[in-house]
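A short write-up of the structure that comes next.
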Amino acid sequence: AQSVTQLDSQVPVFEEAPVELRCNYSSSVSVYLFWYVQYPNQGLQLLLKYLSGSTLVKGINGFEAEFNKSQTSFHLRKPSVHISDTAEYFCAVSEPGGYQKVTFGTGTKLQVIP
Amino acid sequence: GAVVSQHPSRVICKSGTSVKIECRSLDFQATTMFWYRQFPKQSLMLMATSNEGSKATYEQGVEKDKFLINHASLTLSTLTVTSAHPEDSSFYICSARSTGFTEAFFGQGTRLTVV
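From first to last, the protein sequence lines are chains Y and G. Residue numbers for the first sequence, in this note's numbering: 5 to 118. Residue numbers for the second sequence, in this note's numbering: 1047 to 1161.
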């Protein structure tokens, strides 16, 4: 079984400041890791994913994440946030394979303060 | 990326009636589709997994007779909430994957309100 922990339910940050959203996972097998963003009353949009290879993954909208196998973490970072980044962010994990289900963390609400 | 279309985006129904939500993969064949439920300010809870042509596999605690899932083709899955009650009000999201993909693609979600 696999699980995802997002320790921070809310993260307030001032505009143009850097931000890190934390994610830890547990799994007994190799996994794919994802970060999704959700705007109010909308579905999920993929920010980035880690499958294998380089541990630093770059995604859309200036976000990046680093896979750390020893710490079982996949933290999301952005060097300078904008108001438009205010949204809910979900870390997720799945086993490799097109039929595998995705398990989500509880989400982190990023609130960018003008 | 691939596109998944979910319809309707919002629906209001009377208690005791049934509601059908459609999930379509527009530009790929979805071998597997997933249905999630999301309560306000909470994460997505997987309800069921469906493979084309097979019966859906429901997660523990999900009533299969209440939430009917059909995956009749490689591009369409439907979720029918039968005899809906106010406690079924929620945000329902579908996602679709294919054996050739490394990620799932999500629909826009459906806000169901039962009055």
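Heads up, the beta-carbon is just placed ideally off N, CA and C, and yes, glycines get one too. Note that the structure is a prediction, hence the values are computed from the model and not measured.
Taking the alpha carbon of G/K1112 as the point to measure from, which residue in G/E1098, G/S1096, G/H1131 has its own alpha carbon closest? Locating residue 1112 of chain G in the second sequence gives position 66, where the first residue counts as 1. Looking at the Cα atoms, G/H1131 is the closest of the given residues.
When DSSP labels each residue in this structure, what does Y/E24 get in the three-state scheme? Sequence index remark: in the first sequence, residue 24 of chain Y carries index 20 (1-based). In the structure shown, Y/E24 sits in a strand (DSSP, three-state: E or B).
If we define contact as Cβ-Cβ less than 9 angstroms, is Y/V33 a contact residue for chain G? Against the first sequence, residue 33 of chain Y aligns to sequence position 29. False, the Cβ-Cβ gap to chain G never drops below 9 angstroms.
Proximity test, Cβ basis, 9 angstroms: G/V1050 and chain Y: Reading the second sequence from its first residue, position 4 is the one you call residue 1050 of chain G. For G/V1050, the answer is yes, since a Cβ of chain Y falls inside 9 angstroms of its Cβ.
Tell me G/N1116's beta-bridge partners as DSSP assigns them. Working through the second sequence from its first residue, we reach residue 1116 of chain G at position 70. The partner list for G/N1116 (beta bridge, DSSP) reads G/T1124.
Assuming contact is defined by CB atoms lying nearer than 9 angstroms, are G/T1121 and G/I1067 in contact in what I supplied? Residue mapping note: residue 1121 of chain G aligns to position 75 of the second sequence, counting from 1. Residue mapping note: residue 1067 of chain G aligns to position 21 of the second sequence, counting from 1. No, the pair does not count as a contact, with Cβ atoms beyond the cut-off.
With a cut-off of 8 angstroms on the beta carbons, I'd call Y/V85 and Y/V23 a contact; round off their distance for me. As a working mapping, residue 85 of chain Y is identified with position 81 in the first sequence. As a working mapping, residue 23 of chain Y is identified with position 19 in the first sequence. Sure, about 5 angstroms apart at Cβ, within 8 angstroms.
Assign G/P1132 to one of three DSSP states: helix, strand, or coil. As a position in the second sequence, residue 1132 of chain G is number 86, starting the count at 1. Reduced to three states, the DSSP call for G/P1132 is helix.
Which residue wins for smallest C-alpha separation from G/F1151, given the options Y/L48, Y/Q14, Y/K82? For the purposes of this step, residue 1151 of chain G is taken as the residue at position 105 of the second sequence. Residue Y/L48 is the option with its Cα nearest to G/F1151.
Output needed in chain order: residues of the region 1082-1097 of chain G with a Cβ under 9 angstroms from some Cβ in chain Y. Y1082, Q1084, K1087, Q1088, S1089, L1090, M1091, L1092, T1095, N1097
Nearest residue (CA-CA) to Y/G111, options G/L1158, G/E1149, G/P1086, G/S1096: The residue you call residue 111 of chain Y lines up with position 107 of the first sequence. When only C-alpha atoms are compared, the closest one is G/P1086.
Thinking C-beta only, is Y/K105 closer than 9 angstroms to Y/Q14? As a first step, residue 14 of chain Y must be located in the first sequence, where it is residue number 10. As a first step, residue 105 of chain Y must be located in the first sequence, where it is residue number 101. No; because the gap between Cβ atoms is not below 9 angstroms, this pair is not in contact.
Below 8 angstroms on the Cβ atoms is my guess for G/T1128 versus G/Q1052; work out the distance and round it to an integer in Å. Counting from 1 along the second sequence, the entry for residue 1128 of chain G is found at position 82. Counting from 1 along the second sequence, the entry for residue 1052 of chain G is found at position 6. Not a contact, Cβ separation roughly 19 angstroms.
Same chain, Cβ closer than 6 angstroms to G/G1107, neighbours up to 5 away in sequence not counted: As a first step, residue 1107 of chain G must be located in the second sequence, where it is residue number 61. Within the same chain, G/G1107 has no close Cβ partners at all.
Going by DSSP in three states, Y/S74 sits in which element: helix, strand or coil? Within the first sequence, the letter at position 70 stands for residue 74 of chain Y. Residue state, collapsed to three classes: coil.
Looking at the C-beta of G/G1153, does it have a partner C-beta in chain Y at a distance below 9 angstroms? On the second sequence, residue 1153 of chain G is found 107 positions in, with the first residue counted as 1. True, the Cβ-Cβ gap to chain Y drops below 9 angstroms.
Could you work out which residues of chain Y lie near G/R1157, taking near to mean beta carbons separated by less than 9 angstroms? Against the second sequence, residue 1157 of chain G aligns to sequence position 111. Those within 9 angstroms of G/R1157 in chain Y are N45.
Could you tell me which chain Y residues have their CB closer than 8 angstroms to the CB of G/L1139, listed as they occur along the chain? If you number the second sequence from 1, residue 1139 of chain G lands on position 93. Sequence check: residue 1139 of chain G is Ile here, not Leu. Ordered by position in chain Y, the residues that pass the 8 angstroms Cβ test against G/I1139 are G47, L48.
Euclidean distance between Cα positions of G/R1083 and G/A1094: Here the question's residue 1083 of chain G lines up with position 37 in the second sequence. Here the question's residue 1094 of chain G lines up with position 48 in the second sequence. In a straight line, the C-alpha of G/R1083 is about 10 angstroms away from that of G/A1094.
Closer than 7 angstroms between beta carbons: that is the criterion. Which residues of the region 1055-1085 of chain G meet it against chain Y? T1077, T1078, F1080
Determine the chain G residues that contact Y/L25 at a beta-carbon separation under 7 angstroms, and present them in chain order. What you label residue 25 of chain Y is simply residue 21 of the first sequence in a count that begins at 1. Within 7 angstroms Cβ-Cβ: nothing; Y/L25 doesn't reach chain G, min ~14 angstroms.
Tell me the residue span of the beta strand (DSSP E) that contains Y/P16. As a position in the first sequence, residue 16 of chain Y is number 12, starting the count at 1. Its beta strand (DSSP E) spans residues 14-18.
Pull the bridge partners of Y/A96 from the DSSP assignment, please. Here the question's residue 96 of chain Y lines up with position 92 in the first sequence. Y/F38, Y/F108.
When you compare the CB positions of G/S1055 and G/Q1154, do they come within less than 9 angstroms of one another, or not? Taking the first residue of the second sequence as position 1, residue 1055 of chain G is located at position 9. Taking the first residue of the second sequence as position 1, residue 1154 of chain G is located at position 108. In contact: G/S1055 and G/Q1154 (Cβ atoms closer than 9 angstroms).
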